[in-house]
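*Asks:* The sequence shown begins at 0 in numbering that gives the first Met the number 0 and counts up by one. By construction, the Cβ of each residue, glycine as well, lies at the ideal position given by its N, Cα and C atoms. No experiment lies behind these values; they were computed from the predicted model shown. Input: one structure, supplied below.
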Amino acid sequence: MIESEENIEVLGARVHNLKNLDVTIPREKLVVITGLSGSGKSSLAFDTIYAEGQRRYIETFSAYARQFLGGLERPDVDKIDGLSPVIAIEQKTTSKSPRSTVGTITEIYDFLRLLFSRGSDAYSYNTGEKMVSYSDEQIKDLILKDFANKKINVLAPVVRSRKGHYRELFEQIAKQGFVKVRTDGAIRDITKGMKLDRYKTHDVEIVIDRLKVTKDQENSKRLMETINTAMYHGDDVLMVIEQESETVRFFSRNLMCPSSGISYPNPEPNNFSFNSPKGACPKCNGIGTLHEVNLKKIIPDTSKSIKNGGLVPHGPQKKNWAFKQLEFIAQRYNFKLSDPIKKIPEEAMQVILYGGKDKFSVDSKTLGVTRDYKIDFEGVVTFIENTYANNDSTSLRRWARDFMDNVICPECKGSRLRKESLYFKVNKKNIAELAAMDIIELTEWFKALPSQLSEKQKQISGEILKEINARLQFLVDVGLTYLSLNRSSKSLSGGEAQRIRLATQIGSQLVGVLYILDEPSIGLHQRDNEKLINSLIQLRDIGNSVIVVEHDKDMIERADHVIDIGPFAGKHGGEIISEGTPEELQQHNTLTAAYLNGKKQIEIPKKRRKGNGKKIVLQGATGNNLKNVSIDLPLGKMIAVTGVSGSGKSTLINETLYPILNAHYFNGVKKPMPYKSIKGLEHSDKVIDINQSPIGRTPRSNPATYTGVFSEIRSLFAKTPEAMIRGYKPGRFSFNVAGGRCETCKGGGLRVIEMNFLPDVYVECETCQGKRFNRETLEIRYKGKSISDVLEMTINEACTFFEHIPKISRKLKTIKNVGLGYITLGQQSTTLSGGEAQRIKLASELSKRDTGNTFYILDEPTTGLHFEDIRVLMEVLNKLVDKGNTVLIIEHNLDVVKMADYIIDIGYEGGRNGGQVVAKGTPEEIIKNDKSYTAKFLKKELGILN
Numbered sequence: 000m001i002e003s004e005e006n007i008e009v010l011g012a013r014v015h016n017l018k019n020l021d022v023t024i025p026r027e028k029l030v031v032i033t034g035l036s037g038s039g040k041s042s043l044a045f046d047t048i049y050a051e052g053q054r055r056y057i058e059t060f061s062a063y064a065r066q067f068l069g070g071l072e073r074p075d076v077d078k079i080d081g082l083s084p085v086i087a088i089e090q091k092t093t094s095k096s097p098r099s100t101v102g103t104i105t106e107i108y109d110f111l112r113l114l115f116s117r118g119s120d121a122y123s124y125n126t127g128e129k130m131v132s133y134s135d136e137q138i139k140d141l142i143l144k145d146f147a148n149k150k151i152n153v154l155a156p157v158v159r160s161r162k163g164h165y166r167e168l169f170e171q172i173a174k175q176g177f178v179k180v181r182t183d184g185a186i187r188d189i190t191k192g193m194k195l196d197r198y199k200t201h202d203v204e205i206v207i208d209r210l211k212v213t214k215d216q217e218n219s220k221r222l223m224e225t226i227n228t229a230m231y232h233g234d235d236v237l238m239v240i241e242q243e244s245e246t247v248r249f250f251s252r253n254l255m256c257p258s259s260g261i262s263y264p265n266p267e268p269n270n271f272s273f274n275s276p277k278g279a280c281p282k283c284n285g286i287g288t289l290h291e292v293n294l295k296k297i298i299p300d301t302s303k304s305i306k307n308g309g310l311v312p313h314g315p316q317k318k319n320w321a322f323k324q325l326e327f328i329a330q331r332y333n334f335k336l337s338d339p340i341k342k343i344p345e346e347a348m349q350v351i352l353y354g355g356k357d358k359f360s361v362d363s364k365t366l367g368v369t370r371d372y373k374i375d376f377e378g379v380v381t382f383i384e385n386t387y388a389n390n391d392s393t394s395l396r397r398w399a400r401d402f403m404d405n406v407i408c409p410e411c412k413g414s415r416l417r418k419e420s421l422y423f424k425v426n427k428k429n430i431a432e433l434a435a436m437d438i439i440e441l442t443e444w445f446k447a448l449p450s451q452l453s454e455k456q457k458q459i460s461g462e463i464l465k466e467i468n469a470r471l472q473f474l475v476d477v478g479l480t481y482l483s484l485n486r487s488s489k490s491l492s493g494g495e496a497q498r499i500r501l502a503t504q505i506g507s508q509l510v511g512v513l514y515i516l517d518e519p520s521i522g523l524h525q526r527d528n529e530k531l532i533n534s535l536i537q538l539r540d541i542g543n544s545v546i547v548v549e550h551d552k553d554m555i556e557r558a559d560h561v562i563d564i565g566p567f568a569g570k571h572g573g574e575i576i577s578e579g580t581p582e583e584l585q586q587h588n589t590l591t592a593a594y595l596n597g598k599k600q601i602e603i604p605k606k607r608r609k610g611n612g613k614k615i616v617l618q619g620a621t622g623n624n625l626k627n628v629s630i631d632l633p634l635g636k637m638i639a640v641t642g643v644s645g646s647g648k649s650t651l652i653n654e655t656l657y658p659i660l661n662a663h664y665f666n667g668v669k670k671p672m673p674y675k676s677i678k679g680l681e682h683s684d685k686v687i688d689i690n691q692s693p694i695g696r697t698p699r700s701n702p703a704t705y706t707g708v709f710s711e712i713r714s715l716f717a718k719t720p721e722a723m724i725r726g727y728k729p730g731r732f733s734f735n736v737a738g739g740r741c742e743t744c745k746g747g748g749l750r751v752i753e754m755n756f757l758p759d760v761y762v763e764c765e766t767c768q769g770k771r772f773n774r775e776t777l778e779i780r781y782k783g784k785s786i787s788d789v790l791e792m793t794i795n796e797a798c799t800f801f802e803h804i805p806k807i808s809r810k811l812k813t814i815k816n817v818g819l820g821y822i823t824l825g826q827q828s829t830t831l832s833g834g835e836a837q838r839i840k841l842a843s844e845l846s847k848r849d850t851g852n853t854f855y856i857l858d859e860p861t862t863g864l865h866f867e868d869i870r871v872l873m874e875v876l877n878k879l880v881d882k883g884n885t886v887l888i889i890e891h892n893l894d895v896v897k898m899a900d901y902i903i904d905i906g907y908e909g910g911r912n913g914g915q916v917v918a919k920g921t922p923e924e925i926i927k928n929d930k931s932y933t934a935k936f937l938k939k940e941l942g943i944l945n
């Protein structure tokens, strides 16, 4: 084999902060790229190797196809050799659509649909009997056998339990040559102008033929023709009535209930898809939930009158059209608007809530005249529903949603499917019941399934079951046993979404591919980390190259080859400081090596804080999988919430505790998950949630705009002598406002090329060369730098440049203190890693004057952080707690957990076996607990250091 084909050779990489990097990466090995946050790991893995792989793939398209894709910029690299097809598994790529679920992403749901459409049994939703279907020949044989020598009527059902007079239908039937129909159980002749009562429900059948059943040739032929005609008119269903006893039997080419005659269409995979009109529940359109108006929110207090604001959406009485109409309604139904709502007649309340039209006259005794009034009122409930459904304004829809509850769809009970689809069963389970099981339960169910199937079903489902079992096993292997297939992908964390895509890739069994992963261990407990590493080793063993950008100690130690990029972050990084096997790496004198071989470590605090003696007590939390959990949160301490993935940490903190606190301190609108009570809110005065979501979703958002420092910088530029002479205001220096910005790219510095079926690509604007502003604006300089030059500065440079301007330097210093000195002020938010975005949020909060009584909630703040970055971050958080604030961290990283003053461990497992408090107390108390997985690993961590 040629040498270069055993390695991927990257020569002269200069993307972002990479300093003309040459690197050789062995193929078909597990390679970890590590280094400080911002040192250039992602620039090498994603922006160089993956970007070049993507570009080469697009170059294979025809010139015609490429004209729609636009040109992908070649990464700034001299040469890359030995590159195989590249698949990147990043954290930000799952769909936010409510229709996307774990089942649809992993394709397991597609195989389930196939299994149900080909190998399930149908049951009647009326009687629960097994449905039957016949061919025309079988129907003929059954009639000849069961009705031998009897007189029968053969009918074709055309209307079932529907209202209407059906005059046109009877005319149409008569034109087709039929003379009799059966309406509501009685056979009648069709007469001219015949019609039924339009307000009652009716059954109408056409009488196709009346004959005596005998087995002679003539009769058999006639029967066959009758069956064909009846099937044609009755939409593949016919009825046979014995004339003497009037017993009815149904026959159908489709699936049909033998007693009641209801029939289902023959199942297709679409009938089980909630994204297809054929399968989706017609009421909620396959979403599973509906927004429904809650009358208690409209009228919270029935003792109040309408005049005094008893109808919350209308408020107290004003002079407007709505109240004029309410006054008319009051006159019509003899009550006053000043009466308590509970005394208003029921009939009037129906009109007020659901609307109505009416005309009435009132005799005026004083004037001796009659006045006419006209009520045309939409109704409060109807107005709210229409506003929510049809209005384009976000704020108006939010206003309407305040009076609504998100309720489970009453028709499909949250299963998303239409009624018929739920009565197809395999081994007594319908598809929605299977989608609701968690992965471990589903795996067991499928393993036991073959023994429950008939021979025919085994034959049909053999291949399908093989695919389903393999894919379920991959989900188990990456530690996602607690998810269920109907879990919405919106609710997945970055790490979970990435591991699902990893499971899908392992399932595809491709060979010779280069996989690049971005910190797959995020959100994984140490217990599940082993499974993940084994999955990556399995990918490597079937003949793929795996590159992982990772800080996790276990992952680094299990790699075949490690590349350490540094020595520091940003402009001071971008070089390879050491590479080799994990053992070789530990011999080098680098930061990573020092933490791996124990020369440097994050110290355990000498003593745990006592706190301020006050606490917040949350009782009876039961959201998702929580089993009536009650917790005490001691204030003035650093609290860590730990537990295996899927045990209920996020439900407890992000979905229950945070919305309660946010609603209390800031009138937040998000509804918390169910809980019984909360006490002690008065002991804290605000809550700040710092999570992993991007700080902005467009290239216009950057650290300078997010932290508010850019407004100060613009004001400074507007005060320079040249700007004042020209009359420039701060708005001139904004790239979001016409005037100072480059109009070609509208101040973005980039132009978007839409890629149709691929993600959009951003290319540099050719007019301003990415500077964002026009020539006149760039002529204004402060200390020799234009506004564009300032945006290009790193935080460290800007700290020195603006050191004499306190307003600006204070904000910049907090960004520097959280370890982000290397990022530039104008760096697009879309290029920041999850960990960097979280620390910018943290810096933004820290630059505000703290009250010494704030409750901070951080969700896995160590994401994307090197050991050294974690040390810097913990120093910042410790300073916060030392000032008297409370910091609650959801975390798996033991370096953080061992520094906490108080730990709440949730477990025991993930999913339905989780949702309980396993242990609580200081780290020293936690490690005495035998049942806690966290305790086992924490003991090791504390043991090494004690």
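1. With H, G and I counted as helix, E and B as strand and the rest as coil, what does DSSP make of residue 235?
2. Would you kindly work out how many angstroms separate the C-alpha atoms of residue 871 and residue 88, rounded to a whole number?
3. I need the straight-line Cα distance from residue 700 to residue 733, nearest angstrom please.
4. Quick check on residue 154: does DSSP put it in helix, strand or coil?
5. Quick check: the Cα distance between residue 660 and residue 694, rounded to an integer number of angstroms?
6. So, are the CB atoms of residue 565 and residue 574 less than 8 Å apart?
7. Comparing C-alpha positions only, which one of 329, 289, 29, 622 sits nearest to residue 675?
8. Would the stretch 843-855 count as touching the stretch 869-887 if we require 3 or more Cβ pairs under 8 Å?
9. How would you call residue 810, buried or exposed, if buried means at least 16 neighbouring beta carbons within 10 angstroms?
10. For a test of the three-state rule: what should DSSP assign to residue 165, helix, strand or coil?
11. Could you compute how far the alpha carbon of residue 506 sits from the alpha carbon of residue 5?
12. Residue 425 and residue 119: beta carbons closer than 8 Å?
13. Buried or exposed: which applies to residue 959, given that a residue is buried once 16 or more other Cβ atoms fall within 10 Å of its Cβ?
14. Extract the residue ranges of the alpha helix (DSSP H) inside the stretch 830-907, only unbroken runs of 4 or more that lie entirely within it.
15. Return yes when the Cβ of residue 760 is within less than 8 Å of the Cβ of residue 86, no when it is not.
16. Do residue 633 and residue 614 have their C-beta atoms within less than 8 Å of each other?
17. One question on the structure: do residue 30 and residue 21 come within less than 8 Å of each other, judged by their Cβ atoms?
18. Does residue 743 pass the burial test, meaning 16 or more other C-beta atoms within 10 Å, or should it be called exposed?
19. Suppose you measure from the CA of residue 378 to the CA of residue 365; what does that come to, to the nearest Å?
20. Compare the C-alpha of residue 204 against each of 697, 239, 462, 602 and name the closest.
21. Whether or not the stretch 468-479 and the stretch 518-534 are in contact is what I'm after, with contact meaning three or more pairs of Cβ atoms, one per stretch, closer than 8 Å; do they touch?
22. Can you list the beta strand (DSSP E) stretches of 3 or more residues lying completely in the stretch 343-408, in chain order?
23. Which same chain residues, not among the five before or five after residue 806, have their C-beta less than 6 Å away from its C-beta?
24. Give me the Cα-Cα distance between residue 403 and residue 290, rounded to the nearest whole angstrom.
25. Give every residue of the same chain whose Cβ lies closer than 6 Å to the Cβ of residue 894, excluding the five residues on either side of it in the sequence, and list them in chain order.
26. Sorted by chain position, which residues of the same chain lie with C-beta nearer than 7 Å to residue 943's C-beta, five sequence neighbours on each side aside?
27. Which stretch, first to last residue, makes up the beta strand (DSSP E) that contains residue 25?
28. Can you name, in chain order, every residue of its own chain whose Cβ lies under 6 Å from the Cβ of residue 78, other than the five neighbours on each side?
29. Alpha carbon to alpha carbon, how far is residue 849 from residue 678?
30. Buried or exposed: where does residue 783 fall if 16 or more other Cβ atoms within 10 Å of its Cβ makes it buried?
31. If residue 664 sits next to residue 839, beta carbons under 8 Å apart, how far is it from one beta carbon to the other, in whole angstroms?
32. May I ask you to report which of helix, strand or coil DSSP gives residue 488?
33. Would DSSP call residue 41 helix, strand or coil?
34. Can you say whether residue 737 is buried or exposed, counting buried as having 16 or more other CB atoms within 10 angstroms of its CB?
35. For residue 945, which residues in the same chain have their Cβ closer than 7 Å to its Cβ, ignoring the five residues on either side in sequence?
36. Within this structure, are the beta carbons of residue 933 and residue 901 separated by less than 8 Å?
*Replies:* This is what the structure holds:
1. Coil at residue 235, not helix or strand.
2. Answer to the nearest angstrom: the Cα atoms are 29 Å apart.
3. If you take the alpha carbons of residue 700 and residue 733, they lie about 12 Å apart.
4. Correct three-state label for residue 154: strand.
5. Going from the Cα of residue 660 to the Cα of residue 694 covers about 22 Å.
6. Contact flag set, yes.
7. The residue with the shortest Cα to Cα distance from residue 675 is 622.
8. Yes: the two stretches touch, three or more of their Cβ pairs being nearer than 8 Å.
9. With 16 or more Cβ atoms within 10 Å of its Cβ, residue 810 is classed as buried.
10. Looking at residue 165 - three-state DSSP - the assignment turns out to be coil, as it is neither helix nor strand.
11. Straight through space, the alpha carbons of residue 5 and residue 506 are spaced by roughly 25 Å.
12. Between residue 425 and residue 119, the C-beta gap is smaller than 8 Å, which places the two residues in contact.
13. Here the chain covers residues 0 to 945 and nothing more, so residue 959 does not appear.
14. Runs found: 833-845, 866-881, 893-896.
15. Contact: no.
16. At the C-beta level, residue 633 and residue 614 come within 8 Å of one another.
17. Against a cut-off of 8 Å, the Cβ pair of residue 21 and residue 30 comes out as no contact.
18. Burial call: exposed.
19. Residue 378 and residue 365: Cα-Cα distance of roughly 32 Å.
20. Selected option, being the one with the closest Cα: 239.
21. With a cut-off of 8 Å, the stretch 468-479 and the stretch 518-534 count as touching, because enough Cβ pairs lie within range.
22. Within the stretch 343-408, the complete beta strand (DSSP E) runs of at least 3 residues fall at 355-363, 368-376, 403-407.
23. Residues 711 of the same chain have their beta carbon placed closer than 6 Å to that of residue 806, with the five preceding and five following residues left out of the count.
24. Within the model, the alpha-carbon separation for residue 403 versus residue 290 is close to 6 Å.
25. Around residue 894: 601, 869.
26. Confidence at residue 943 is low in this model, with a pLDDT of 49, below 50, so the placement of that residue is unreliable and no value is reported for it.
27. For residue 25, the uninterrupted beta strand (DSSP E) run begins and ends at 20-25, by DSSP.
28. Here the set comprises 10.
29. Their backbone Cα atoms lie some 23 Å apart in a straight line.
30. By the neighbour-count rule (16 or more Cβ atoms within 10 Å), residue 783 is not buried but exposed.
31. No, residue 664 and residue 839 are not in contact; Cβ-Cβ is about 23 Å, not under 8 Å.
32. Here residue 488 sits in helix by DSSP.
33. It is helical.
34. Exposed, by the Cβ-count rule.
35. Model confidence at residue 945 stands at a pLDDT of 46, short of 50, so the residue's coordinates are unreliable and nothing is read from them.
36. Their beta carbons are not under 8 Å apart, which means residue 933 does not touch residue 901 by this criterion.
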